[in-house]
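So for the sequence shown, my numbering puts the first residue at 2; every next one is plus one.
Positions of the beta carbon are idealized from the N, C-alpha and C atoms, including for glycine.
Worksheet: the structure to be examined is printed underneath.
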Amino acid sequence: MQSAEFYYSQVKDILTYNGNELDIQINYGMLLLSLLCWCFTVLRVFNTIPDFCWFTFSCLYILFGVQIGICLFIQCIGISGVWCAMVGFAYRMWVHSPADPVLTNKLIVFATFGSYLWANFHYFRSEGSFTTISHVIATWLGYEANNMWVKTHQQREEKQQEKVK
């Protein structure tokens, strides 16, 4: 049985990329950009800010938990699964939502998607195909999670409308 200090050290290495400054800058920059994109695309479907915040923090809690668990299990480092899943979720929301007339929102979304492609190209060149495949899988899981969430959200709205009738 490993000590708590061992796991603390492992989680610290996962979240800090073992001190690799370039990886820290790329991944935490992508996390920030994907969170902005998330806000601009997902916020539109919530009626209140507290509902949106609860949903966002719940998703982040789950995503970081899964990311850390996977890294502990397969001995990898990083948070790229978090931002890839967030980009996948936001992309599906952007594609299947009514057009957003605000130019700033569009610029943030396009900047995020462009940065996502750049970061994945960078990691494909520097880390190889395993990292790229894991990024694609995380993005797809985020996309599919949004698909399931939208269906659940629509069913909930239909039930509420039936109650009103």
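DSSP places THR153 inside the alpha helix (DSSP H), whose first and last residues are 130-165. Taking C-beta atoms as the reference points, GLY79 and TYR117 fail to come closer than 8 Å.
Pairwise C-beta distances place the region 81-100 in contact with the region 147-164, as three or more of them are shorter than 8 Å. ASN48 carries a coil assignment under DSSP once its states are collapsed to helix, strand and coil.
In the displayed model, GLN11 falls within a helix according to three-state DSSP. In the three-state DSSP reduction, GLN76 falls in the coil class, being neither helix nor strand. For TYR92, the enclosing alpha helix (DSSP H) has its first and last residue at 81-97.
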